[in-house]
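For reference, the structure is listed below as structure tokens.
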Amino acid sequence: MRVTIENDANATALAELWFGHEKIRKIDTFVMVLVGEGIGTGIIFDGQVYRGEKGAGGEFGHMIAGDDAPIECSCGSRECWEAHASEKAMIQRYRRLLKMDDMKQADMDIGNLIDLAINGEKHALLALKQTARYLANGISNLTVGLSPQIVVVSGKITQAWHLFEDELARISGEVPSGLPPTELMPSSLGDSPTLIGAIGLVLARKFASAN
25 MRVTIENDAN ATALAELWFG HEKIRKIDTF VMVLVGEGIG TGIIFDGQVY
75 RGEKGAGGEF GHMIAGDDAP IECSCGSREC WEAHASEKAM IQRYRRLLKM
125 DDMKQADMDI GNLIDLAING EKHALLALKQ TARYLANGIS NLTVGLSPQI
175 VVVSGKITQA WHLFEDELAR ISGEVPSGLP PTELMPSSLG DSPTLIGAIG
225 LVLARKFASA N
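Each residue of the sequence shown is one higher than the one before, counting from 25 in my numbering.
As structure tokens, this is what we get:
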């Protein structure tokens, strides 16, 4: 049995390339930022995933984003973008704002937290916006370094896109003059873009074999 292996961020980027918003399907250079328990980035250059040496390309979740993050990154650092802008970081900010005890912390879920923010709960909204600022700072770095046509953001946080879209665009757009503009948009693929990309990989290989 043949097996295809791909990391979650690259699979999500491929899902956007093949099945995403019409604007994305019409271009060949974009960056997908996957916000989950960590932060992953999938880079599409000339219609192909950029994987780098030994598949390590695109690990921007570990770029330095400031010290004293609310959580440790998966690598153990408190300076990584992931430690500042992931779902876990947002949850921990909310816990600190409420001074929740350990028992209540165990029950916290990102979906519930986003619902609270959408419904106007002030601590949830503040945690969301603080996290979005760090997300925007990282996207600004990606824009300067890679000059993509579009940056597409994927993950449950996009359910509250309307609450932080303007601030995200303002901060991420603070790049040196003269650089080409980069459009910022949320994913249109719902909660399972990684699965969609994985299915697409299998189908692509099957059709390639048939030919």
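Note that the Cβ used here is the ideal one computed from N, Cα and C, for glycine as well.
**Prompt:** Just curious, the beta strand (DSSP E) that Thr65 is in, first and last residue?
**Reply:** For Thr65, the enclosing beta strand (DSSP E) has its first and last residue at 63-69.
The alpha helix (DSSP H) that contains Ser178, what's its start and end? The continuous stretches of alpha helix (DSSP H) do not include Ser178, which lies in the beta strand (DSSP E) extending over residues 174-178.
Report task. Kindly list the residues whose CB is nearer than 8 Å to the CB of His86, restricted to its own chain and excluding five residues on each side of it in sequence; keep chain order. Result -> Around His86: Cys97, Cys99, Ser101, Cys104, Trp105, Glu106.
Suppose the cutoff is 7 Å on Cβ atoms and the five residues either side in sequence are ignored; what does the same chain contact list for Ser164 look like? Here the set comprises Ile195, Ser196, Glu198, Val199.
**OP:** Check the C-beta distance from Gly82 over to Gly66 and give it rounded, since I have them as a contact under 8 Å.
**Re:** The pair is a contact, with the Cβ atoms about 6 Å apart (cut-off 8 Å).
Check your understanding: Bridge partners of Met87, per DSSP?
Key -> For Met87, which the question treats as bridged, DSSP gives no partner whatsoever.
Report task. Going by DSSP, name the residue or residues bridged to Phe54. Result -> In the DSSP assignment, the residues bridged to Phe54 are Ile68, Ile174.
Exercise for review: In the DSSP assignment, find the beta strand (DSSP E) that holds Glu207 and state where it starts and stops.
Suggested key: Start and end: 207-210.
Inter-residue Cα distance where the pair is Gln72 and Glu191
Each residue's Cα considered, the two are about 31 Å apart.
Going by CA-CA distance only, name the one from Ala89, Ile88, Arg49 that's closest to Asp70. When only C-alpha atoms are compared, the closest one is Arg49.
Within a Cβ cutoff of 6 Å, which residues of the same chain sit near Ala35, ignoring the five residues on either side of it in sequence? Here the set comprises Thr218, Gly221, Ala222.
_C-beta contact flag for Gln203 and Thr155 at 9 Å_ = Per the sequence shown, residue 203 should be read as Leu rather than Gln. Between Leu203 and Thr155, the CB-CB gap reaches or exceeds 9 Å.
Worksheet item: By Cβ distance below 6 Å, which residues in the same chain neighbour Asp52 in space, the five residues on each side in sequence not counted?
Response: So the list reads Asp70, Gly71, once near-sequence residues are dropped.
Spell out the partners DSSP gives Cys104 in its beta bridges. Cys104 pairs with Ile88.
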